[in-house]
Amino acid sequence: MLFQAPIFSLYVRIVAILALILGLSDASRLLGINLGAQSPITAMGFSAFTFLAVFCLAKLFAAVGLWIKASWGAVLLVGVTSLELGLYLLGSPDIRMSMLGFGVRVVLLAAIILIFILSLRFARAQAD
1 MLFQAPIFSL YVRIVAILAL ILGLSDASRL LGINLGAQSP ITAMGFSAFT
51 FLAVFCLAKL FAAVGLWIKA SWGAVLLVGV TSLELGLYLL GSPDIRMSML
101 GFGVRVVLLA AIILIFILSL RFARAQAD
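Start counting the sequence shown at 1; every next residue gets the next number (full-length UniProt numbering).
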């Protein structure tokens, strides 16, 4: 993909910041910021904690990849967001999110798919 095009630069960085905010939000849940003295592992359960840790790290790595305009960042973000939304919609008890979090993740997925579509159209226009 061609993320080096000037029209993608600002858009890709905005999506990277959104992914970074979601990753840091997940990291704060992992650290138990709002739980007080209770351990996050006992509050969520071990499998939910593990899922959240994997999704958190993947979003943070994807945000870095998008910031440096590497195509693997977009691929990683699509994969992790699709998997997280899929598990949530299938009713997995380990994946918990609010309606706002669900909406932000859907917007993030739509934004990345739009990046893929724009990149393909830009590459076709360059080929002609």
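Idealized CB from N, CA, C, for every residue including glycine.
- prompt: For the 8 Å Cβ check, are there 3 or more pairs between the region 75-88 and the region 33-50?
  reply: no
Near the ligand FAD: residue 58 beta-carbon under 7 Å from a heavy atom: Within the structure as shown, the ligand FAD is missing, as the structure has no ligands at all.
- prompt: Where are the alpha helix (DSSP H) runs, 4 residues long or more, that stay fully inside the region 28-64, in chain order?
  reply: 40-44
- request: May I have a chain-ordered list of the alpha helix (DSSP H) segments no shorter than 4 residues that lie completely inside the region 52-125?
  value: 71-89
query: Three or more C-beta pairs closer than 8 Å, one from the region 111-127 and one from the region 32-43: is that the case here?
result: no
message: Output needed for residue 62: all residues of its chain with C-beta closer than 7 Å, excluding positions within five of it in sequence on either side, in chain order.
response: 19, 73, 76, 77 and 80
query: Is it the case that the Cβ atoms of residue 24 and residue 104 are separated by a distance below 8 Å?
result: no
- request: Quick one: using the 10 Å Cβ neighbour count with 16 as the cut-off for buried, is residue 113 buried or exposed?
  value: exposed
- prompt: Where residue 97 and residue 121 are concerned, what is the direct C-alpha to C-alpha distance, given to the nearest angstrom?
  reply: 34 Å
task: For residue 128, name the three-state secondary structure that DSSP assigns.
output: coil
query: Would you report the Cα separation of residue 94 and residue 60, rounded to the nearest angstrom?
result: 20 Å
task: State yes or no: is the C-beta of residue 46 within less than 8 Å of the C-beta of residue 115?
output: no
task: Figure out for me which residue from 85, 110 and 111 has the closest Cα to the Cα of residue 99.
output: 85
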